[in-house]
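The next block holds one structure in the form of structure tokens; read it before the comments.
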Amino acid sequence: MPPSFRFATPEDHEVVVQMLHELVIELGPAEGADRLRARLDEDIRLALTSPNICIILAVVEGEAVGLGRADVLFADPIFRLRDDNRCGYIDQMYVRPAYRNQGVGRDLLERCEDWLRGRGLGHVLLHAAPRAVHFYEREGYLPNREMFKRL
Ligand SMILES: CC(C)(COP(=O)(O)OP(=O)(O)OC[C@H]1O[C@@H](n2cnc3c(N)ncnc32)[C@H](O)[C@@H]1OP(=O)(O)O)[C@@H](O)C(=O)NCCC(=O)NCCS
62 MPPSFRFATP EDHEVVVQML HELVIELGPA EGADRLRARL DEDIRLALTS PNICIILAVV
122 EGEAVGLGRA DVLFADPIFR LRDDNRCGYI DQMYVRPAYR NQGVGRDLLE RCEDWLRGRG
182 LGHVLLHAAP RAVHFYEREG YLPNREMFKR L
């Protein structure tokens, strides 16, 4: 059965956090992963009430099977001196394994982009997990200048 899509509300806090725990586990042991998981609870509580963030759920027969998140950033250094210093940011893309490779991730991503477009945003950034690079490239994302070094 194809999923339906809707905006998450504060009532969805538990299932959103649960899916993000699954995402953190799947992306593997990383420095600080435990602290990150501990902070998800509050991060999602804030996200679900912020007018500058949306979390979109994919739902099949009443069960959430995936999510995507879009934030409006106001302080990205690339854009801070432009007339419109805002930038979209996509994060927390996750589809439960049984529902992958059926276009659910693409639909979630497009809905996040639509939400940002609807706020007048003309750019979107994200940081891809290495294994998801192909997924984002297929949807038109390109490397753009950012470089990274641990200090
Ligand atoms: C990335 C993800 C959201 C895509 O969801 P999806 O519903 O499978 O996406 P679609 O069906 O629209 O697209 C399928 C594409 O996803 C990618 N994909 C498939 N399995 C994947 C996996 N386990 N991890 C990452 N990407 C995957 C492939 O590029 C695939 O394209 P291909 O068939 O040309 O190889 C989903 O695979 C997932 O939740 N992965 C684990 C978490 C993750 O990596 N999230 C992104 C963090 S930046």
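Everything in the sequence shown is counted per the numbering used here, starting at 62 for the first residue and increasing by one.
Heads up, the beta-carbon is just placed ideally off N, CA and C, and yes, glycines get one too.
Predicted, not measured: the structure shown is a model, and the values here were computed from it.
{"Query": "Segments of 3+ residues assigned as beta strand (DSSP E) that fall wholly inside the stretch 145-169", "Result": "148-156"}
{"Query": "Leucine 170 classed as buried or exposed, judged by whether at least 16 other C-beta atoms fall within 10 angstroms", "Result": "buried"}
{"Query": "Glutamine 163 beta carbon less than 8 Å from that of leucine 81", "Result": "no"}
{"Query": "With 16 other Cβ atoms within 10 Å as the buried cut-off, status of leucine 177", "Result": "buried"}
{"Query": "Those runs of the beta strand (DSSP E) which lie wholly inside the stretch 114-146 and span at least 3 residues", "Result": "114-121, 124-134"}
{"Query": "Residue span of the alpha helix (DSSP H) that contains arginine 98, given as start and end", "Result": "94-108"}
{"Query": "CA-to-CA distance, leucine 101 to glutamate 87, given in whole angstroms", "Result": "15 Å"}
{"Query": "Close Cβ partners of serine 65 (< 6 Å) along its chain, the five nearest in sequence each way excluded", "Result": "Val120"}
{"Query": "N-terminal and C-terminal residue of the alpha helix (DSSP H) that arginine 199 is part of", "Result": "194-199"}
{"Query": "Three-state class that DSSP yields for leucine 88 in the structure shown", "Result": "helix"}
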